[in-house]
Every structure is written in C-alpha cells, then in structure tokens.
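Residue numbers (our numbering): 206 to 379. Glycine is no exception: its CB is placed at the ideal position from the N, C-alpha and C atoms. These notes concern the structure reproduced below.
Okay, structure coming up:
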C-alpha cells in the first residue's frame, strides 16, 4: 500500500503544478481584411471586414447585401469606435445604383464607446450612388465604390446635418 501511495503522490503533485500554471492573457484576434477604405466627413477609415449574402428575390444570383465594418478610432480614444454599413444592391450587373431607392435597405451606424451617452447612432442614406464592378459569374473579386450623403435617424425622423460617406471595398465571390 505504501508503494502505491509513493507512486500517486508525485503524480498528484505534477497534476497540481500543471493546473496552477499561468498562461498569457487572452487578446481577441485583430481583423484587417486590407479590402478597402471608407471616408467619413474627410476622415479615412480602414475597412476591417467586408462580407455579403445573396438577397432572396428573383435575381438572387446577382443581388447582394453587403456588410462592411471600419475602424473609426481617433487619436486619443481608448475605447472602441467603429462604423458599420449594410447596403443592399438588387442587381450588381446594373453598375450604378442610386439611393435612396424604394424597397432597397441601407443602414449606416456609428458606435463610439468614448462618449458618455448615445454610443450608437443610426444614419439613413439621403442621397448617393454605389457603383459595382461585378465579379465574373464564375467568381472572383467584386468592387463597390460609394458616394453617399447620410443623415442621423432618431425615432424614425431625420435630425441634424448631412454627413459625407465615401469609399470603396472589395469582396471575393465564390
């Protein structure tokens, strides 16, 4: 019995020492797609991610809903500050799409945790155009250039002054 205890004790010590070891603090991965730039009121913002899904409609193969996020952190800000854009394009083969358009969804949000209140503001596209250089039918890169005027939306009403949102992003269609 003493022999079994003598074998278990070192194994128990090894397990305890292994369980008590420390590891590096978790840092979330940094997403940078190097796939475009948005320019909000003259400030250049690096696009962190650009994705798409097909819209469920008649020409769904040629329709897109783009999801774009960009880093808007300014010098001296310590908390997260970013923008996101959701942009529907009914048919990428049209080339240019003018907004606002009936039945076409667009939304632009700015989230800034460096301010004490109203951390997320939603904007509506009031005027503008998105130009799409569509990917080949077999797949490849698709580029979207946009030039919008956006205005803050609060409780369904437009408030404040218009802001400019320009830029471009590229996605890969499989």
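How big is the Cα-Cα spacing for residue 255 and residue 351? Mapped onto the chain shown, residue 255 falls at position 50. Mapped onto the chain shown, residue 351 falls at position 146. Taking the straight line from one Cα to the other gives about 14 angstroms.
Whose C-alpha, out of 267, 338, 334, 348, is nearest the C-alpha of residue 354? Against the chain shown, residue 354 aligns to sequence position 149. Nearest Cα to residue 354 within the set 267, 338, 334, 348: 334.
Beta-carbon contacts of residue 277 that lie in its chain and below 6 angstroms, excluding the five residues immediately before and after: Sequence index remark: in the chain shown, residue 277 carries index 72 (1-based). Correct list, in chain order: 250, 286, 287, 288.
According to DSSP, is residue 309 part of a helix, a strand, or is it coil? If you number the chain shown from 1, residue 309 lands on position 104. In the structure shown, residue 309 adopts coil according to DSSP, grouped into three states.
Alpha carbon to alpha carbon, what distance is there between residue 377 and residue 323? In the chain shown, residue 323 corresponds to position 118, counting from 1. In the chain shown, residue 377 corresponds to position 172, counting from 1. So the alpha carbons of these two residues sit roughly 35 angstroms apart.
Checking 8 angstroms against the spacing of the C-beta atoms, do residue 282 and residue 319 come in under that value? Working through the chain shown from its first residue, we reach residue 282 at position 77. Working through the chain shown from its first residue, we reach residue 319 at position 114. In this structure, residue 319 lies closer than 8 angstroms to residue 282 by Cβ.
If contacts are defined as beta-carbon pairs under 8 angstroms, then residue 312 and residue 291 qualify, I think. What distance do you get, rounded to the angstrom? For the purposes of this step, residue 312 is identified with residue 107 of the chain shown, where counting begins at 1. For the purposes of this step, residue 291 is identified with residue 86 of the chain shown, where counting begins at 1. That pair is a contact at about 5 angstroms.
Within this structure, are the beta carbons of residue 241 and residue 252 separated by less than 8 angstroms? Locating residue 241 in the chain shown gives position 36, counting from the first residue. Locating residue 252 in the chain shown gives position 47, counting from the first residue. For residue 241 and residue 252, yes; Cβs fall inside 8 angstroms.
Burial state of residue 379, where buried means 16 or more other Cβ atoms lie within 10 Å: Your numbering for residue 379 matches position 174 in the chain shown. It counts as exposed.
Can you give me the Cβ contacts of residue 374 inside the same chain, cut-off strictly under 7 angstroms, excluding the 5 residues immediately before and after it? Sequence index remark: in the chain shown, residue 374 carries index 169 (1-based). Once the five neighbours on either side are set aside, the close Cβ partners of residue 374 are 240, 241, 252, 255, 273, 349.
Residue 378 - DSSP class collapsed to helix/strand/coil: Position 173 of the chain shown, counted from the start, is the residue given in the question as residue 378. DSSP places residue 378 in the strand class (E or B) of the three-state scheme.
Using the Cα positions of residue 317 and residue 309, report the straight-line distance between them to the nearest angstrom. Reading the chain shown from its first residue, position 112 is the one you call residue 317. Reading the chain shown from its first residue, position 104 is the one you call residue 309. CA-CA distance, residue 317 to residue 309, rounds to 27 angstroms.
Strictly by DSSP, which residues pair up with residue 328? Translated into positions along the chain shown, residue 328 becomes position 123. Per DSSP, the beta bridge partners of residue 328 are 313, 357.
Pick from 269, 245, 332, 297: whose alpha carbon is nearest that of residue 370? As a position in the chain shown, residue 370 is number 165, starting the count at 1. Cα-wise, what sits closest to residue 370 is 245.
Count the other CB atoms within 10 Å of the CB of residue 302; is the residue buried (16 or more) or exposed (fewer)? Your numbering for residue 302 matches position 97 in the chain shown. Buried, by the Cβ-count rule.
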